[in-house]
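Accompanying notes for the structure given below.
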Amino acid sequence: MKMTRRAFAAGAGGMTLAAFLAACSDTGGGNGGGTGGGGGEGGELTPVKLQLQWLPQAQFAGYFAAADQGFFEEEGLEVEIIPSGGDIVPQDALASGNADFCIAWVPKVLGSIEQGANLTNIGQIFQRSGTLQVAFKDSGITTVADFEGKRIGSWGFGNEWEIFAAMAAEGLDSTTVEIVTQDFNMNAFLQGDIDAAQAMTYNEWAQVLETMNPATGALYTPEEFDVISYQETPGGMLQDAIWADQGRLADDADYEATAVSLLKAVIKGWAYARDNVESAAEITIAAGSTWGPSHELWMANETNKLIWPSANGIGVIDADAWEQTVSGALAAVNEQGQHLITAEPPETAYSNDYIEQAISDLGSDVDTTGDGFQPIDVTLAEGGN
Numbered sequence: 005m006k007m008t009r010r011a012f013a014a015g016a017g018g019m020t021l022a023a024f025l026a027a028c029s030d031t032g033g034g035n036g037g038g039t040g041g042g043g044g045e046g047g048e049l050t051p052v053k054l055q056l057q058w059l060p061q062a063q064f065a066g067y068f069a070a071a072d073q074g075f076f077e078e079e080g081l082e083v084e085i086i087p088s089g090g091d092i093v094p095q096d097a098l099a100s101g102n103a104d105f106c107i108a109w110v111p112k113v114l115g116s117i118e119q120g121a122n123l124t125n126i127g128q129i130f131q132r133s134g135t136l137q138v139a140f141k142d143s144g145i146t147t148v149a150d151f152e153g154k155r156i157g158s159w160g161f162g163n164e165w166e167i168f169a170a171m172a173a174e175g176l177d178s179t180t181v182e183i184v185t186q187d188f189n190m191n192a193f194l195q196g197d198i199d200a201a202q203a204m205t206y207n208e209w210a211q212v213l214e215t216m217n218p219a220t221g222a223l224y225t226p227e228e229f230d231v232i233s234y235q236e237t238p239g240g241m242l243q244d245a246i247w248a249d250q251g252r253l254a255d256d257a258d259y260e261a262t263a264v265s266l267l268k269a270v271i272k273g274w275a276y277a278r279d280n281v282e283s284a285a286e287i288t289i290a291a292g293s294t295w296g297p298s299h300e301l302w303m304a305n306e307t308n309k310l311i312w313p314s315a316n317g318i319g320v321i322d323a324d325a326w327e328q329t330v331s332g333a334l335a336a337v338n339e340q341g342q343h344l345i346t347a348e349p350p351e352t353a354y355s356n357d358y359i360e361q362a363i364s365d366l367g368s369d370v371d372t373t374g375d376g377f378q379p380i381d382v383t384l385a386e387g388g389n
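This is how it looks when you write it as structure tokens:
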């Protein structure tokens with residue numbers, strides 16, 4: 005299946021590198037997928053290596069659900085889901101041929117593309133940014149403009165660019181803000197070492213709310229904090245997306261077919277995670293997540309909010325959101341005066357062709373917009389248990 009590409013120039017947190025990684029099979033070696041295409045019942049399955057950007061957790065529930073529910077096999081694929089714990093950069097694994105597809109934030113990959121990686125976003129799974137900056141009520145931090153003179157936590161590793169983009173939009177000189185490297189937890193924040201901590205709606209924010217407040221003897225509540233959502237600022241950027249090798253898309257019709265088949269299975273997986281959120285959380289725990297059950301359920305529920313509803317269909321890249329991400333990446337300047345990117349990315353940086361084909365192939369069998377989506381209420385237990 006050779007497709008005509010239409011592209012337009014106009015997007016973590018676990019605890020430790022768990023024993024799950026040791027149980028994974030060898031992830032080395034080249035281009036497993038891309039021969040034989042996807043689809044067909046009873047035939048030989050096409051092997052595919054899908055590189056995640058972090059450890060198993062419900063941030064990736066749709067992929068684990070696709071494996072657990074047999075959706076990959078239905079599309080003629082045998083998918084190896086490869087976790088990372090910061091030891092593997094997903095776009096590097098894809099560009100080097102050690103993975104066939106990867107999950108990565110858009111700004112991170114834009115930086116890699118400018119450095120020479122030939123990659124294409126074929127499915128923008130997260131439609132909204134899930135990044136927060138969390139501060140105690142008495143910090144005086146209620147907007148990005150309040151960062152001046154404060155200690156602002158960030159994980160680094162490319163996760164900081166929303167912060168710098170939001171500060172640039174405020175006209176805030178990054179040298180007037182102390183960016184403090186933050187572990188992938190909220191310990192430094194809760195101990196008072198930083199004034200505002202970076203957090204994801206689906207992970208670190210929950211870590212705060214499942215922690216006992218020593219002053220009250222009860223769990224912290226949202227009312228004790230001021231929370232800045234980068235989605236509500238010009239710094240908000242697109243995050244988890246499915247990336248493919250542009251060179252293989254251009255030259256290998258089987259790889260193109262595999263891309264569409266993968267997307268069809270992933271759509272079904274995320275639709276399952278939306279409609280069966282409790283089961284999705286349990287599937288992710290079984291896949292190796294080390295989070296407790298209430299934390300994992302919170303994560304599955306919050307992740308769904310970043311995907312659904314998807315007005316144009318799950319994974320379809322919104323041109324305005326893409327342009328905001330590119331504009332933010334161009335404007336963002338870190339403390340060393342470095343820009344994330346210095347020029348517009350090439351037109352091949354994204355394409356809606358493959359995701360639109362997948363949605364069309366699925367037809368009415370799968371709800372791909374989630375117009376009626378309603379999140380559930382999740383009660384966190386201490387420690388996420």
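Going by my numbering, the first residue of the sequence shown is number 5, and it counts up by one from there.
Heads up, the beta-carbon is just placed ideally off N, CA and C, and yes, glycines get one too.
Fill in: Unbroken alpha helix (DSSP H) run spanning Q211, endpoints
208-213
Worksheet item: Cβ of A139 within 8 Å of Cβ of A192?
Response: no
Worksheet item: Opposite G153 in the DSSP bridges: which residues?
Response: Bridge partners of G153: none, in fact.
Worksheet item: Rounded to whole angstroms, how far is the Cβ of G273 from the Cβ of F105, which I believe are closer than 8 Å?
Response: Not a contact, Cβ separation roughly 14 Å.
Worksheet item: Mind checking whether A65 and A277 have CB atoms under 8 Å apart?
Response: Inclusion of A65 and A277 in the CB contact set at 8 Å is warranted, their separation being smaller than that value.
Fill in: Where the beta strand (DSSP E) containing T50 begins and where it ends
Here the beta strand (DSSP E) through T50 covers 50-55.
Worksheet entry | Close beta carbons around A173, own chain, < 8 Å, minus the five adjacent residues each side | Same-chain partners within the cutoff: V148, T237, P238, G239, G332, A335.
Discussion item. Mapping the DSSP letters down to three states, classify W58 as helix, strand or coil.
Written reply: coil
Worksheet item: L25 by DSSP, collapsed to three states: which one?
Response: Low confidence applies to L25: its pLDDT is 27, below 50, so where it sits in the model is not reliable, and the reading given next is rough at best. Note: L25 maps to helix in three-state DSSP.
Worksheet item: What is the DSSP secondary structure of E84, reduced to helix, strand or coil?
Response: strand
Worksheet item: How close, in whole Å, do the beta carbons of W247 and V113 come, if the pair is a contact with beta carbons under 8 Å?
Response: 6 Å
Worksheet entry | Length of the line joining the Cα atoms of G158 and T185 | According to the sequence shown, residue 158 is Ser rather than Gly. The straight-line gap from Cα to Cα measures roughly 5 Å.
Worksheet entry | L182 versus N338: straight-line alpha-carbon distance, rounded | Note on residue identity: the sequence assigns Glu, not Leu, to residue 182. If I take the Cα positions, the gap works out to 11 Å.
Practice prompt. Could you check what DSSP says for G44 in three-state terms: helix, strand or coil?
Written response: With a pLDDT of 47 at G44, under the threshold of 50, the modelled position of this residue cannot be trusted; read the value that follows with caution. Coil.
Worksheet item: According to DSSP, which residues form a beta bridge with F140?
Response: F229
Fill in: Nearest to T372 (by Cα), restricted to the options T352, L267, Q195
Nearest to T372 by alpha-carbon distance, out of T352, L267, Q195, is L267.
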